[in-house]
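Undergrad: Next up is a structure, given as structure tokens.
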Amino acid sequence: MKKTYFPEEFTEKYSKLLGKEWEEYFATIKRKQPKSIWVNTNKTTIEETVSSIEKQGIKLTPLKFHEQAFMIECERPGSLKEFEEGKISLQEKAAMLPVVALNPTKNDCVLDCCSAPGMKTIQLSNLSRRVFATELSSTRFESLHFNKKKYSLKNVELKRTDFRNVKEKFDKMVLDVPCSSEGLVRKKRDALKGWSQKLVERKAKNQKEMILKGFDRLEENGEMAYSTCSFALEENEEVVNFLLSERNAEVLKIDLKGLKIRKNKLCVGAVRLFPQDNDTQPFFFAKLKKRK
Ligand SMILES: C[S@@+](CC[C@H](N)C(=O)[O-])C[C@H]1O[C@@H](n2cnc3c(N)ncnc32)[C@H](O)[C@@H]1O
4 MKKTYFPEEF TEKYSKLLGK EWEEYFATIK RKQPKSIWVN TNKTTIEETV
54 SSIEKQGIKL TPLKFHEQAF MIECERPGSL KEFEEGKISL QEKAAMLPVV
104 ALNPTKNDCV LDCCSAPGMK TIQLSNLSRR VFATELSSTR FESLHFNKKK
154 YSLKNVELKR TDFRNVKEKF DKMVLDVPCS SEGLVRKKRD ALKGWSQKLV
204 ERKAKNQKEM ILKGFDRLEE NGEMAYSTCS FALEENEEVV NFLLSERNAE
254 VLKIDLKGLK IRKNKLCVGA VRLFPQDNDT QPFFFAKLKK RK
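Going left to right, the sequence shown walks through residues 4 to 295 as the working numbering numbers them.
In structure tokens form, the structure reads like this:
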């Protein structure tokens, strides 16, 4: 089997930062991540799809944080007919959490700022009244367009644009920013090929600009889920703390069932998911509220 690639600069940085935790962290990110699915209630019911998958002898385990989320024990879930038919999407469990924490309802109009390929857009479509999904890259926009049809996202309007051009204001928002993608290493063995501290700093600068622009598109008392699949403080706590210093924002407490969530002293309320705690990718998210 191909070995996972780790740049020296990366192992040096995180072994220092994590100290005693490093060994377990490193051992976990070298292991393949378990597979999980989200049931797309635009096309099916939870009961119908769970039963049709289980009839094929495949084990599903409910994830306590949301009734539509399941672990799946199947080598190639992408070959299931339920996937072909758009009844399930394949989404890593940590990546589901920003939308679950945001907890949109059928009264909410939500902006999905950086949306392709649309895995969070599917969740938002299931849970909200209306979704406006923007995507800058034309090739990635094509995959979003494909998924809109496949998953029957009828309450979702797509636009290929920089979300910073949007003039409308929203009740809720997902800002799943482009990041150094450290978290993808459990899925793609060469995910860290282009990683460097310089890349992290470049991404962080962009993220600080994005979080302010996104926040300004929220209605008063509106809420945003900010997320990255990076473990870097620069792209996470430092970005949220920058927003707190520039705007009247509050970090809301997040309570999710069935997950080990540690206290975050660097940014109270924000969630830094250590991969070894819940067998996820390294991940970060925070739920932010716009105060008057
Ligand atoms: C982390 S990925 C999003 C993944 C997506 N939320 C999902 O769950 O499937 C970030 C995306 O943001 C897009 N992007 C980057 N800058 C953007 C901008 N200014 N406006 C809109 N989209 C942007 C990238 O092309 C990329 O597709």
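Note that CB positions come from ideal geometry on N, CA and C, so glycine has one too.
(1) Mind listing, in chain order, the continuous beta strand (DSSP E) runs of no fewer than 3 residues lying wholly within the stretch 181–242?
(2) Compute the distance between the beta-carbons of R220 and E253, then report whether it is under 8 Å.
(3) Indicate whether C112 and F173 have their beta-carbon atoms separated by less than 8 Å.
(4) Taking the C-alpha atoms as reference points, what is the distance between P101 and K5?
(5) Quick one: what does DSSP say F277 is sitting in, helix, strand or coil?
(6) Quick check on the burial criterion: 16 or more other C-beta atoms within 10 angstroms. Buried or exposed for D258?
(7) At a cut-off of 7 Å, is C116 close to ligand 1 when judged by its beta-carbon and the heavy atoms of the ligand?
(8) By Cβ distance below 6 Å, which residues in the same chain neighbour F287 in space, the five residues on each side in sequence not counted?
(9) Quick check on DSSP: helix, strand or coil for V103?
(10) Spell out the partners DSSP gives M122 in its beta bridges.
(11) What whole-angstrom Cβ distance do N150 and I125 have, given they're in contact under 8 Å?
(12) For R133, which option in L147, V180 and P107 has the closest C-alpha, if you only look at C-alpha atoms?
(13) With a threshold of 16 other CB atoms inside 10 Å of the CB of E57, please say whether the residue is buried or exposed.
(14) Run through DSSP, which three-state label would F68 get?
(15) Which residues in the same chain as K46 place their Cβ atom closer than 6 Å to its Cβ, once the five residues preceding and following it in sequence are excluded?
(16) Taking the alpha carbon of Q210 as the reference point, which residue from E70, P285, F277 and C117 has its own alpha carbon closest?
(17) Taking all protein chains shown into account, decide if N129 is buried (16 or more other Cβ within 10 angstroms of its Cβ) or exposed.
(18) In angstroms, rounded to a whole number, what distance separates the CA positions of E138 and V53?
(19) Across which residues does DSSP place I40 in a beta bridge pair?
(20) Do S39 and I2 count as a contact pair if the criterion is CB distance below 8 Å?
(21) Kindly examine ligand 1 and report whether one of its heavy atoms sits closer than 7 Å to the Cβ of D179.
(22) Using only alpha-carbon positions, find the residue among E160, F9, K190 and F86 that is nearest to V42.
(23) Which of the three DSSP states is assigned to F245 in this structure?
TA: Let me spell this out:
(1) 221–231
(2) no
(3) yes
(4) 31 Å
(5) coil
(6) exposed
(7) yes
(8) T231, N239 and R275
(9) helix
(10) In DSSP, M122 forms no bridge with anything.
(11) 7 Å
(12) P107
(13) exposed
(14) coil
(15) G89, K90 and S155
(16) C117
(17) buried
(18) 32 Å
(19) F73 and L93
(20) Absent from the model: residue 2. The displayed extent of the chain is 4 to 295, so no value can be given.
(21) yes
(22) F86
(23) helix
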